[in-house]
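Enquirer: Quick one: this structure, given as structure tokens, is what I'll be asking you about.
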Amino acid sequence: MNSVSTHPDPTPNPSEIDDALARIFRSWDERLLAGADPAARERLAAFVADLPAGYKQDIRPDRARVDLVILGELSDGAVDVRIVPDATARGTHRLSLYVGGRPASLGDLMPLLQSLGVEVLDERPYALASPDGMPCWIYEFTVRYTIAPEDGFDEFAERFGGAVQALWQGVAEADRLNELVARAGLHWREVTVLRAYAEFLRQAGFPYSSAYVADALCRHPEIAAALVECFSARFDPRSDPSASSDGRGAESVAAASTLIEAVLGLDEDRIFRALLGVVRNTVRTNHFAAPARETLALKLDSRNIGELPEPRPRHEIFVYSPVVAGVHMRFGSVARGGLRWSDRREDFRTEVLGLVKAQAVKNAVIVPVGAKGGFVLRRPPVPTGDADADRAALREAGIAGYRMFIRSLLDLTDNIDRSTGAVVPAPGVVRHDGDDTYLVVAADKGTASFSDIANEVAAEYDFWLGDAFASGGSVGYDHKAMGITARGAWESVKRRFRELGVDCQNEDVTVAGIGDMSGDVFGNGMLCSKHIRLVAAFDHRHVFLDPDPDPATSYAERERLFALPRSSWADYDRSLVSAGGGVWDRTTKSVPISEQARRVLGLADDVTELTPPELIRAILRAPVDLLWNGGIGTYVKASTESHADAGDKANDAVRVDGCDVRARVIGEGGNLGLTQASRIEFARTGGRVGTDALDNSAGVDCSDHEVNIKILLDDLVGAGGLTPEARPRLLAEMTDEVAALVLADNVSQNELMGTALADASEMIGVHGRLISALEAAGAVDRALDVLPDAKAIGTLRAAGAGLSAPELATLMAHVKLDLKGALLAGDLVDHDVFLPVLRGYFPTPLRRDHEAAVDRHPLRREIVATALTNDVVDRGGISYVFRLAEEVGATADDAVRAFSVVSDVFGLPALWSRIAAADVPSEVADELVLVTRRLLDRASRWMLHRRPQPLAVGAEVARFRGPIEDASAHLEEWLVGADRTNLRDRTRAIAERGAPEDLVREVELALDRFGLLDVVEIADLAECDLTVAGELYFRLCERVGLVPLLNGVSALGKTSRWDALARLALRDELYDSARALTLDVLAHATPGDDTDRMIADWEERNASRLRRARNSLAEISASGQRDLAALSVASRQLRRMVG
């Protein structure tokens, strides 16, 4: 209620004499009632008996009538304001504050009034009671305004009263910006807009404090008003409904710019330009939505705001209120990531920006791009000293803040009419961007159990995604119960141990950990193998040491703690802790260090006690097999970094350098446990590590599957193809298969990392050029992504080294993001030939029973693009698409077409599956995969050179798959001479290292199978039998000495791009010659002749030319020279053999 009265006290007139007489002969009560109308008299009479004598003495009955009418309408907790000129003192006013239900202290009221530019000269409080017994208070102030209002008194009094009410109710804040109510003629809600923008800039690292910005605005109220006018002109639906998005507010922006031009101070100029820039790059707000919202939400196009640090998200929603503040960032329209309850009030945007950067890389494996959000409580409950009550109060406040934050996001998000599929714009919101309907959230720190709450809020908005809005709720996949994030990260751990020759599922491994067993990631991770020997761990409460644990006993105890609600290391059964171990509170002064502890932590003999921070640092540096991060915080930095670079001040005292970590393997179930520079430093010293994005992607991958499955199920329910009751049952039935699909992604990406490391030194030049290309396209920032510059690449090349695993993981992610974006920009993903790719994303019951619904999935394009991207990069290699672009000018679509054709024609997926399933050392498996990649590379180039473009995937597969399969059955018998010898030697060499001989032979035949593409075409062109063409082709290759020349080409260096292109051109020439020679022989062959007869006749017809060519080849061979020049001459001679 805001019933501000602006009428002055009655002015004395001739009737004053009568009034004076009345005061003499009538009581105060009688005069109060006498002056009231009949309707008010009864209400006033109810007050009379309990009015305090002091009030009657100070306040005339005519003024009291106004007071009591206002009090009579006041509800519990409400406040009202009345301002009138003070007739007794020029330039002063009487301010009456009416409060119901609870009293106010002068200490509460003075800051509120002073923030509005008011000087309080006098204050008198009165305690009253309403007729129904509610306590009420009237606070009478005599005030003087230090700022002259810009407009008339009535208008100012209305605004001032509203501001006081808002301040008292806590929906506005007391700071100097409130002076703009008088200085600039602003409403308190308009002041809130400026306050929110100032806070956004501060959170973004703007170099000026909030107080400094407020001072600048108060010194230039005309600019403050102009900024608000820009905001209103752009977003008030009533401002100019007919104006285009670009036209709205253009005049106001120009006017504000003119005012800013006149500002002389450099600081103020920068402040005002920054504020105007943020206003201009705001694309939506809920400020004008009805009814008024609890928070102010601003959607920003952060890419165009120059004051923001990199990376800049595509969409950013900043939420502000006195109670809660937060930010949600998205790197694309279809994006996902968790929302955390942050405790970093001063820099939550910095925290979320770091998280979303990691999330963007992590999301390379899933459909949406990266997103992340976080909120803080700006007014948390005041502790009472009762731990349980305080915990409950804080949780309640957190849930309330979470609801406010979610509502703010949904306020600015468009909806979809489920019945028509039409986009429904956010109500009351002027949009300066396109349709924006995809908003999904996930659990994060502090919000692990909030998914159902988020879905309840989404239901209030009838949001089209239903309970797919927040994954992991009561009707969804419980990540902790599935253990999916930890299981995915454990696939990385298993792979890294395999590279060290260790089977961590069947051999004991020592582990140091960050976290405790009550946590999802830590707890599930420490149950992923029964051969874990957890020797040390810590969380925010305790430090745990168990120097010589029994694997079986300690596993059982960890399992018990995991099942125990809210367990901690303090709950660990001390009788099961080995000698020299124990559990200590992190607040203890010191921890005794036993001989056993010194041994397992690798400490000097003279270390007998450590403080908890010292002990934690020792744990992080312990010489264990595995350091497992399942906690929150950044604990490892590079030796070249400061603690500030880690961005986690709370853990400065325990953080160590990457070069000092002595674990053999690091597994990152948690986010941001290490800086990227420290990962690289650790890897360069021989440690096995990836990135957090690589290791713990399974959580977001599972959530993505859940959302996309729920979208499909809701479509089925809406169409009557599934009952609402059957929906949750079907979701539950698919849990295990969803987990398998997700974990397959983890396995695949780790296999890619293995092969990438295996040839990292050989590919350093390619990787350097790839990074440069991505940087030129704006897809990477070397500094932010911690990727080496050209000079560092040169240093690595000179040292015979390649990119480290963390660098390769980052590069892989950006390659995937770039490729996915390129595919979505075209129409290739719309082709029905990729429907099997779409269907393969979903569990069996959906693709088996609901194929039509799968095929019409609203996110069909995005799912296909993601699945194709993962397949192409994981199987083809990090640089596959880039090299095809370099070598043959292929677009992303061209490369994906080629990959799809070649992998299908040659049956590569089945071969890759056989390699993955084989029980062989990882380096052998990597070597076998790299051989198949050489076939993929060569065959892809062949397809892009030889076949009509763009490749028709289905037609090309139909054209070649059958003939290639038929020809492959004869390939070994066609190989003769050096071909057969090379195959035998290669097969024996790898089989001796533990691989099945039949598998090795099939893989090693891959390079020879490449020639079958030419064989198929030769058979068609010559109109001969495929077996004739095949036998002749390979016999001729042997006859003319093609194999040694091809081996020579493979041995050439490829330091630069031009070296690589020269190699490719030369190899293509040699294969072209083999093709041409075969066609030449067939062109003159007598039908029915065998291959020996054909070759003999051909040699006889071309004896002179062949003699000259062979003499030249013999001379080159005798010289021993195998450089590019010699091989080029040899290729020319081979070409001259063709008639």
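The sequence shown begins at 1 in this note's numbering and counts up one residue at a time.
Don't be surprised by glycine CBs; every beta carbon is placed ideally from N, CA and C.
Helix, strand or coil for H7? Go by DSSP, reduced to three states.
Expert: Along the sequence shown, read from residue 1 onward, the residue named residue 7 stands at position 7. Its pLDDT being 46, under 50, H7 is placed unreliably by the model, and the measurement read from it follows with that caveat. Three-state result, H7: coil.
Enquirer: Specify, as a first and last residue, the run of the alpha helix (DSSP H) that P845 falls within.
Expert: Looking up residue 845 in the sequence shown gives position 845. T844 to D849 is the extent of the alpha helix (DSSP H) around P845.
Enquirer: Would you report the Cα separation of T675 and R664, rounded to the nearest angstrom?
Expert: In the sequence shown, counting from the first residue as 1, residue 675 sits at position 675. In the sequence shown, counting from the first residue as 1, residue 664 sits at position 664. Taking the straight line from one Cα to the other gives about 18 Å.
Enquirer: May I have the straight-line CA-CA distance separating R344 from G265, to the nearest angstrom?
Expert: Locating residue 344 in the sequence shown gives position 344, counting from the first residue. Locating residue 265 in the sequence shown gives position 265, counting from the first residue. Going from the Cα of R344 to the Cα of G265 covers about 33 Å.
Enquirer: Roughly how many angstroms lie between the CA atoms of L1045 and V441, to the nearest whole one?
Expert: What you label residue 1045 is simply residue 1045 of the sequence shown in a count that begins at 1. What you label residue 441 is simply residue 441 of the sequence shown in a count that begins at 1. One C-alpha to the other measures close to 58 Å.
Enquirer: Is W628 helix, strand or coil when you go by DSSP?
Expert: Start at 1 with the first residue of the sequence shown, and residue 628 comes out as number 628. It is a strand residue.
Enquirer: Decide if S1131 is buried, meaning its Cβ has at least 16 other Cβ atoms within 10 Å, or exposed.
Expert: Numbered from 1 along the sequence shown, position 1131 holds the residue referred to as residue 1131. When all chains shown are included, S1131 counts as buried.
Enquirer: What would DSSP say about V382, mapped onto helix, strand or coil?
Expert: Position 382 of the sequence shown, counting from 1, holds the residue named residue 382. Three-state DSSP puts V382 in coil, outside helix and strand.
Enquirer: V1188 to L1134, Cα distance in whole Å?
Expert: Here the chain has residues from 1 to 1139 only, and residue 1188 is not among them.
Enquirer: Using 10 angstroms around the beta-carbon of L106, count the other beta-carbons present and answer buried if the total reaches 16, otherwise exposed.
Expert: The sequence position of residue 106 within the sequence shown is 106, counting from 1. L106 should be labelled exposed.
Enquirer: Tell me whether R257 sits in a helix, a strand or coil according to DSSP, three-state version.
Expert: On the sequence shown, position 257 is the one that residue 257 refers to. Looking at the sequence itself, residue 257 is Ser, so the reference to Arg does not match. Of the three classes helix, strand and coil, the one that applies to S257 here is helix, per DSSP.
Enquirer: So V283 is in the alpha helix (DSSP H); what residue range does that whole segment cover?
Expert: The residue you call residue 283 lines up with position 283 of the sequence shown. Looking at the DSSP string, V283 is not in any alpha helix (DSSP H); the run it does join, the beta strand (DSSP E), is T282 to T285.
Enquirer: What do you reckon, are the CB atoms on R621 and D660 nearer than 7 Å?
Expert: Counting from 1 along the sequence shown, the entry for residue 621 is found at position 621. Counting from 1 along the sequence shown, the entry for residue 660 is found at position 660. Here R621 is near D660, since their CB atoms are less than 7 Å apart.
Enquirer: Based on the DSSP secondary-structure assignment, which residues constitute the bridge partners of V213?
Expert: Locating residue 213 in the sequence shown gives position 213, where the first residue counts as 1. Answer is none; V213 lacks a bridge partner.
Enquirer: Determine the burial state of L936: buried for a count of at least 16 other Cβ atoms within 10 Å of its Cβ, exposed for fewer.
Expert: Taking the first residue of the sequence shown as position 1, residue 936 is located at position 936. Here L936 is buried. Its C-beta has 16 or more other C-beta atoms within 10 Å.
Enquirer: Quick one: what does DSSP say R82 is sitting in, helix, strand or coil?
Expert: Locating residue 82 in the sequence shown gives position 82, counting from the first residue. Of the three classes helix, strand and coil, the one that applies to R82 here is strand, per DSSP.
Enquirer: Pick from A798, S804, Y208 and R797: whose alpha carbon is nearest that of A756?
Expert: The residue you call residue 756 lines up with position 756 of the sequence shown. For A756, the nearest C-alpha among the options comes from S804.
Enquirer: Quickly, what does DSSP pair H531 with across the bridge? List them, please.
Expert: For the purposes of this step, residue 531 is taken as the residue at position 531 of the sequence shown. In the DSSP output, where bridge partners are listed per residue, H531 has none listed.
Enquirer: From S449, P425 and W490, pick the residue whose C-alpha is nearest to that of D462; which is it?
Expert: For the purposes of this step, residue 462 is taken as residue 462 along the sequence shown, with counting starting at 1. It is P425 whose Cα lies nearest to the Cα of D462.
Enquirer: For the region 703-715 against the region 462-476, do three or more pairs of beta-carbon atoms, one drawn from each stretch, fall closer than 8 Å, so that the two count as touching?
Expert: yes
Enquirer: Looking only at its chain, what residues have a beta carbon closer than 7 Å to the beta carbon of T866, apart from the 5 residues adjacent to it on each side?
Expert: Translated into the one-based positions of the sequence shown, residue 866 becomes position 866. If we look at T866 and ignore the five residues flanking it on each side, its Cβ neighbours are I366, V367 and K820.
Enquirer: Cα separation between E119 and P111?
Expert: Here residue 119 refers to the residue found at position 119 of the sequence shown. Here residue 111 refers to the residue found at position 111 of the sequence shown. Each residue's alpha carbon lies about 10 Å from the other.
Enquirer: Return the first residue and the last residue of the beta strand (DSSP E) that V1049 is part of.
Expert: Position 1049 of the sequence shown, counting from 1, holds the residue named residue 1049. Element bounds for V1049: not the beta strand (DSSP E) but the alpha helix (DSSP H), L1042 to S1050.
Enquirer: What residues in its chain sit with their C-beta under 7 Å from that of G401, if we drop five residues either side in the sequence?
Expert: Working through the sequence shown from its first residue, we reach residue 401 at position 401. For G401, where only same-chain residues beyond five positions count, the Cβ hits under 7 Å are V323, V324, F375 and L377.
Enquirer: What is the rounded straight-line gap between the Cα of L1032 and the Cα of A969?
Expert: Along the sequence shown, one-based indexing puts residue 1032 at 1032. Along the sequence shown, one-based indexing puts residue 969 at 969. Using only the alpha carbons, I get a separation of about 16 Å.
Enquirer: Assuming Y635 and I514 are in contact, meaning their beta carbons sit under 8 Å apart, how far apart are those beta carbons, in whole angstroms?
Expert: Start at 1 with the first residue of the sequence shown, and residue 635 comes out as number 635. Start at 1 with the first residue of the sequence shown, and residue 514 comes out as number 514. About 6 Å separates the two Cβ atoms, so the contact holds.
Enquirer: I need the DSSP call for E140, collapsed to helix, strand or coil.
Expert: By 1-based counting over the sequence shown, the position of residue 140 is 140. The answer is strand: DSSP assigns E140 an E or B state.
Enquirer: Nearest CA to the CA of A196: which residue from T258, E972, N286 and T510?
Expert: Taking the first residue of the sequence shown as 1, we reach residue 196 at position 196. Of the candidates T258, E972, N286 and T510, the one whose C-alpha sits nearest the C-alpha of A196 is N286.
Enquirer: Assuming I711 and L859 make a contact with CB atoms under 8 Å, what is their CB distance in whole Å?
Expert: What you label residue 711 is simply residue 711 of the sequence shown in a count that begins at 1. What you label residue 859 is simply residue 859 of the sequence shown in a count that begins at 1. Contact holds; Cβ gap of about 7 Å.
Enquirer: Considering only the alpha carbon of each residue, which of D436, A392, D1089 and E1038 lies closest to E316?
Expert: Taking the first residue of the sequence shown as 1, we reach residue 316 at position 316. Considering only alpha carbons, the answer is D436.
Enquirer: Taking 8 Å as the limit between beta carbons, can you name the residues of its chain near D215, skipping five residues before and five after?
Expert: Indexing the sequence shown from 1 puts residue 215 at position 215. Result list for D215: R176, in chain order.
Enquirer: Under DSSP, the beta strand (DSSP E) around L377 begins and ends at which residues?
Expert: Position 377 of the sequence shown, counted from the first residue, corresponds to residue 377. Element bounds for L377: V369 to L377.
Enquirer: Just to confirm the assignment, what range does the beta strand (DSSP E) spanning M1094 have?
Expert: Locating residue 1094 in the sequence shown gives position 1094, counting from the first residue. Unbroken run through M1094 is the alpha helix (DSSP H), T1091 to R1101; no beta strand (DSSP E).
Enquirer: Under 6 Å Cβ to Cβ from F331, same chain only, skipping five residues before and after it: list those, please.
Expert: On the sequence shown, residue 331 is found 331 positions in, with the first residue counted as 1. Within the same chain, F331 has close Cβ partners P313, R314, A360, V369 and G370.
Enquirer: Less than 7 Å between the C-beta atoms of P806 and T691, yes or no?
Expert: In the sequence shown, counting from the first residue as 1, residue 806 sits at position 806. In the sequence shown, counting from the first residue as 1, residue 691 sits at position 691. Yes, the Cβ-Cβ distance between P806 and T691 is below 7 Å.
Enquirer: Between the alpha carbons of S1056 and L774, how many angstroms are there, rounded?
Expert: Taking the sequence shown and counting its residues from 1, the one referred to as residue 1056 is at position 1056. Taking the sequence shown and counting its residues from 1, the one referred to as residue 774 is at position 774. Straight-line measurement puts the Cα of L774 at about 18 Å from the Cα of S1056.
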